[in-house]
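The next block holds one structure in the form of structure tokens; read it before the comments.
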């Protein structure tokens, strides 16, 4: 088996056991980390699992969906064999929250190209506005089970 085929097999093994929806995020972005903390607090059923885009799990998913492995400018929500990016991912995540948050899913009626333009503007400026870490966040022991890598 050649090296590329071995890598594909290893990537498939890394993610094959995952049954929960997975939120992939930029692990060095302060805004992204705060968003993950918010998701954890609002996810009443504990349905989501998390991995940074820079992690082995994140990289395996990027390869699975034929996305550039250096693509860190979007949150990605993986649900089974489907994935959502940018505003669609954010709205689908919010849809599962407790409280009034799911009402924000109504923004899905705004054309995707408009929603994603706003999302991309924030993503482009996130380091400037919110800062950046030198390394990916480390979950606390209580939250470690929610993180895949």
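Numbering (this note's numbering), first residue to last: 12 to 160. Built from N, CA and C at the ideal position, the CB exists for glycine as well.
Legend entry - The beta strand (DSSP E) enclosing residue 35, as first and last residue numbers: Counting from 1 along the chain shown, the entry for residue 35 is found at position 24. Following the DSSP letters along the chain, one finds residue 35 inside the beta strand (DSSP E) bounded by residues 33-36.
Legend entry - Continuous alpha helix (DSSP H) stretch holding residue 163: start and end: The structure shown does not extend to residue 163, since the chain spans only 12 to 160, so no value can be given for it.
Inset, instruction - Return helix, strand or coil for residue 121, following the three-state DSSP convention. - result: If you number the chain shown from 1, residue 121 lands on position 110. It is coil, neither helix nor strand.
Inset, instruction - Please name the residue in 80, 54, 72 and 36 whose C-alpha comes closest to that of residue 61. - result: Translated into positions along the chain shown, residue 61 becomes position 50. Checked all of 80, 54, 72 and 36; the closest Cα to residue 61 is 36.
Legend entry - Cβ neighbours of residue 69 in the same chain (closer than 6 Å, five flanking residues each side left out): The residue given as residue 69 occupies position 58 in the chain shown. Cβ within range, chain order: 35, 62 and 63.
Legend entry - Spatial neighbours of residue 16 in its chain, beta-carbon cut-off 8 Å, leaving aside the 5 residues before and after: In the chain shown, the residue the question calls residue 16 occupies position 5. Its pLDDT being 49, under 50, residue 16 is placed unreliably by the model, and the measurement read from it follows with that caveat. Hits under 8 Å: none found.
Legend entry - Residues bridged to residue 40 (per DSSP): By one-based count along the chain shown, residue 40 stands at place 29. Residue pairing by DSSP places residue 40 opposite 143 in a beta bridge.
Inset, instruction - Select from 49, 44, 41 and 66 the residue whose C-alpha is nearest the C-alpha of residue 26. - result: On the chain shown, residue 26 is found 15 positions in, with the first residue counted as 1. The shortest Cα separation from residue 26 among 49, 44, 41 and 66 belongs to 66.
Inset, instruction - Could you have a look at residue 60 and say whether DSSP puts it in helix, strand or coil? - result: Translated into positions along the chain shown, residue 60 becomes position 49. In the structure shown, residue 60 sits in a strand (DSSP, three-state: E or B).
Inset, instruction - In angstroms with no decimal places, state the Cα-to-Cα distance between residue 80 and residue 98. - result: Locating residue 80 in the chain shown gives position 69, where the first residue counts as 1. Locating residue 98 in the chain shown gives position 87, where the first residue counts as 1. The C-alpha of residue 80 lies about 20 Å from the C-alpha of residue 98.
Legend entry - Through-space distance from residue 104 to residue 55, alpha-carbon basis: Residue numbering aside, residue 55 sits at position 44 when the chain shown is read from its first letter. Residue numbering aside, residue 104 sits at position 93 when the chain shown is read from its first letter. Rounded to the nearest angstrom, the two C-alpha atoms are 12 Å apart.
Legend entry - residue 90 to residue 109 span [Cα, whole Å]: Position 79 of the chain shown holds residue 90. Position 98 of the chain shown holds residue 109. Answer to the nearest angstrom: the Cα atoms are 19 Å apart.
Inset, instruction - Whole angstroms is fine: what's the gap from residue 156's alpha carbon to residue 58's? - result: The residue labelled residue 156 in the question sits at position 145 within the chain shown. The residue labelled residue 58 in the question sits at position 47 within the chain shown. Answer to the nearest angstrom: the Cα atoms are 12 Å apart.
Inset, instruction - Starting from the C-beta of residue 121, find all residues in its chain whose C-beta is less than 7 Å away, skip the five residues before and the five after it, and write them out in chain order. - result: Within the chain shown, residue 121 is the residue found at index 110, counting from 1. Cβ neighbours of residue 121 beyond the five flanking positions: none.
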